Every structure is written in C-alpha cells, then in structure tokens.
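Heads up: the structure comes next, in structure tokens.
2 protein chains.
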Amino acid sequence: MRTDSRLSRMLHVLLHMARHDRPYTSEQIAGMLQTNAVVVRRTMAGLRAHGYVQSVTGQGGGWTIACDLNKTTLLDIHRAVGGRHIFAIGLDNDNPSCAVERVVNSAVADALDRAERLLIGSLGEITLAELAEQFYAICRAELKQ
Amino acid sequence: MRTDSRLSRMLHVLLHMARHDRPYTSEQIAGMLQTNAVVVRRTMAGLRAHGYVQSVTGQGGGWTIACDLNKTTLLDIHRAVGGRHIFAIGLDNDNPSCAVERVVNSAVADALDRAERLLIGSLGEITLAELAEQFYAICRAELKQ
DNA sequence: AAATTCGCAACATCAAATGTTACAAATCGA
DNA sequence: TCGATTTGTAACATTTGATGTTGCGAATTT
Chain A
1 MRTDSRLSRM LHVLLHMARH DRPYTSEQIA GMLQTNAVVV RRTMAGLRAH GYVQSVTGQG
61 GGWTIACDLN KTTLLDIHRA VGGRHIFAIG LDNDNPSCAV ERVVNSAVAD ALDRAERLLI
121 GSLGEITLAE LAEQFYAICR AELKQ
Chain B
1001 MRTDSRLSRM LHVLLHMARH DRPYTSEQIA GMLQTNAVVV RRTMAGLRAH GYVQSVTGQG
1061 GGWTIACDLN KTTLLDIHRA VGGRHIFAIG LDNDNPSCAV ERVVNSAVAD ALDRAERLLI
1121 GSLGEITLAE LAEQFYAICR AELKQ
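Line by line, the protein sequences are chains A and B. Using our numbering, read the first sequence as starting at 1 and increasing by one per residue. Using our numbering, read the second sequence as starting at 1001 and increasing by one per residue.
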C-alpha cells in the first residue's frame, strides 16, 4: 500500500487548530494537507472517537481541538488514527511448521519488536505542547532576524 | 503494498542451503516457501548479485550458498534483496513550505530514524552462523527428549 | 427555505510486493 | 546432436491498505 501519513497529517492539523479559536472546515483542512475533504473527515473521525477533536455540522461548523496539549502525545494520535502496520517488513508465515523457519522468524521478529518498542516509546514521550513550543521557538528566532 | 517478506524468506532458504551439499532448484525452493519458482529466481537474483549464492542452469543445476555464514549478517541479506521501505509509516510531504509541518516532520522523522537505526543495528549483529547454531541447538534438545 | 457543513457509503486509484505465464538460453546426459 | 532440465527475464495479473472521488442524506445557522 502507500505509506501511511495519517500521523503526520493529523499532527499538522492539530497544531494549526491549537492556534486558531474558530472551527476549521474539512475543506480548509484539506487545503492545508493538499487532499480531499472526505479524506480529512475519515481520518479525523478517529481522533473524534477518542475525544481529541470535536466536529459540528452546519453553517459555521467544522473541527476544533478538544484535548490538553500537555497530556496528548504523538503515540495517542498514532493510535487514534488506527495505524496498525508500523513496518513494511514482516514474516513470511506466522505459524511455520518448519523448524528452520521458526528460528528465522524468532530472530527477525525480535529485531522488529525492539525497534517497534523504541518507536512507540519515542512517540509516547513527545506531547503536542512540545511540538507547539518548537514552532513558537522558530517563530521567535525568525522575528529576531 | 503487501508486507515485504523477502528477508525472512531468503534467510529461511539460506539456512536450508547451508545444510545441503547439492543445489536446490527454484522449484524445490518455491516448495519450501509455498510460492512460485519465478518469485524465487527474482528474489534470489539479488543475493546472487552480491555473491551470497550461486546459480547454475541446466540439468542438475540450481542454487547453492556461496558465503561465509560467520561473516554474513541479516543486514547483508536485507540489503541484498533490495528492501527499501522499512516503515509503513511516513511523512506526508518531504519538503513542506509550512513551518508547522516542518516541526511535525522533524519530530516524526527523528523517532523513525532512531527506530530504524536500532533495527539496522540489530540485523547487523546477527550472522547466519548464529541462526544455524540456534537451529542445531533446537535439534539437539529434541533428540534428548 | 436556503446555504453550509459534516457523515457516510460506494467505488476508483495508487504503489510495491507477490503471483503467473511464456519463452529464450544454457547445461547435462544419452 | 537431441531432448530434458533448469535458470533468466519480460510482461502482465493479483493483492493489500492507504488515499482519492462522487453522491447524497442529515444537521445547523441565517
């Protein structure tokens, strides 16, 4: 399949929403992401189901952020968008009858598991607030020039 | 796309070849992997290009292992099969004009890079000889029962 | 009532691995 | 040399899950 960019996309949107006091429509968000409003609704439905954003229908409606930036991590967003596959690499057969294959699977799965735990750990340590602060730091640096 | 199982498959084949003094035909290997002989030839062509295996055409031909098990790591095989994408997850846009998106990309890419380095490091530390030894250890344990 | 906006189903597209078919080329044995 | 075996390779089909698209109903505001 294509590479799953839902995490990056949603983080991008959430940081914009954090600096905006009115709702963004799906069309506006689709413009930010250079995609389609239906893709936005579909992906953000996962965030809404976990309470990270809210949506309102009708005129003047749209999407607003609904979570504490200090308590929401990149891992929370990753899980909310439903990303199942982290790796493009995998085992050939999860329950091999061949003992050679079981040894191979065990070694490869072990390496993959360690990398996955590191990635999950990294994502779990970064909050939306920290990303927002990085953005403000860049803005302040550019103002000084 | 589907998950890339070329590394696991080739490791499986290499360990079988290491215990076999005659060539395996692509058909025999396809039988081990429950796939098609053309898939086998295509994938193993990468290993051959790096000198890890040899192939001989014609009657009595087939594939033989041609590397030092003690010097060949899982990383060598991973690279030989041409696996480019390690992650199913990625950035939405590699060169964003939006400063918010650049902050997001930097954080996500950083987490992915660290996990990738750990995985590459793990694969580079395991030799084919070590996998073969794990297999023999299992065989010895089963004989004792 | 009209315009706006989300919700959602249904289907199309994309990308890369995997699967399949067909045939040429090389090698071995009789 | 002939025939069987086996690899080499091109061309095309299939699979899988994210992404893209169209259409229309439902909710909300004015």
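Even for Gly, the Cβ is constructed at its ideal location relative to N, Cα and C. Everything numeric in this text was worked out from a predicted model, so none of it was measured.
| Item | Value |
| --- | --- |
| Residue from B:Val1103, B:Thr1025 and B:Ala1107 whose Cα sits closest to the Cα of threonine 1057 of chain B | B:Thr1025 |
| Within chain A, partners of isoleucine 1138 of chain B - CB distance below 9 angstroms | Ala99, Arg102 and Val103 |
| Where the beta strand (DSSP E) containing isoleucine 1008 of chain B begins and where it ends | Note that residue 1008 of chain B is serine in the sequence shown here, rather than isoleucine. From DSSP, serine 1008 of chain B is part of no beta strand (DSSP E) but of the alpha helix (DSSP H) over 1006-1018. |
| CB contact check: alanine 37 of chain A to chain B, cutoff 8 angstroms | no |
| Coarse secondary structure for glutamine 54 of chain A, derived from DSSP in three states | strand |
| Members of the stretch 75-100 of chain A near chain B, C-beta cut-off 9 angstroms | His78, Gly83, Arg84, His85, Ile86, Phe87, Ala88, Ile89, Gly90, Leu91, Asp92, Asn93, Pro96, Cys98, Ala99 and Val100 |
| Coarse secondary structure for glycine 1062 of chain B, derived from DSSP in three states | strand |
| Closer than 7 angstroms: glycine 51 of chain A CB and nearest the ligand ATP heavy atom | Absence of the ligand ATP is noted for the structure shown, with no ligands found whatsoever. |
| Tyrosine 1024 of chain B, enclosing alpha helix (DSSP H) - first and last residue | It is not in any alpha helix (DSSP H) - tyrosine 1024 of chain B carries neither H nor E in the DSSP assignment. |
| DSSP-derived helix/strand/coil call for threonine 127 of chain A | strand |
| The stretch 1053-1066 of chain B: positions lying closer than 9 angstroms to chain A by Cβ | none |
| Chain-ordered chain A contacts of methionine 1001 of chain B [CB-CB under 9 angstroms] | Met1, Arg2 and Ala88 |
| Span of the alpha helix (DSSP H) around histidine 78 of chain A | 74-80 |
| Any chain A beta carbon closer than 8 angstroms to valine 1108 of chain B | yes |
| Same chain only: Cβ atoms within 8 angstroms of tyrosine 52 of chain A, ignoring 5 sequence neighbours per side | Leu14, Ile65, Ala66, Cys67, Thr72, Asp76, Ile77 and Ala80 |
| Inter-residue spacing [alpha-carbon to alpha-carbon] between aspartate 92 of chain A and glycine 60 of chain A | 51 angstroms |
| CB contact check: isoleucine 126 of chain A to chain B, cutoff 8 angstroms | yes |
| Helix, strand or coil at isoleucine 1086 of chain B [DSSP, three-state] | coil |
| Alpha carbon of arginine 147 of chain A to alpha carbon of alanine 45 of chain A, nearest angstrom | With chain A covering only 1 through 145, there is no way to say anything about residue 147 of chain A. |
| Inter-stretch contact (C-beta, 8 angstroms, three-pair minimum) for the stretch 1094-1108 of chain B and the stretch 87-107 of chain A | no |
| In chain order, each alpha helix (DSSP H) run of at least 4 residues that lies wholly inside the stretch 1098-1128 of chain B | 1099-1125 |
| Backbone CA spacing between methionine 1168 of chain B and threonine 1043 of chain B [nearest angstrom] | This structure cannot speak to residue 1168 of chain B, because chain B is shown only from 1001 to 1145. |
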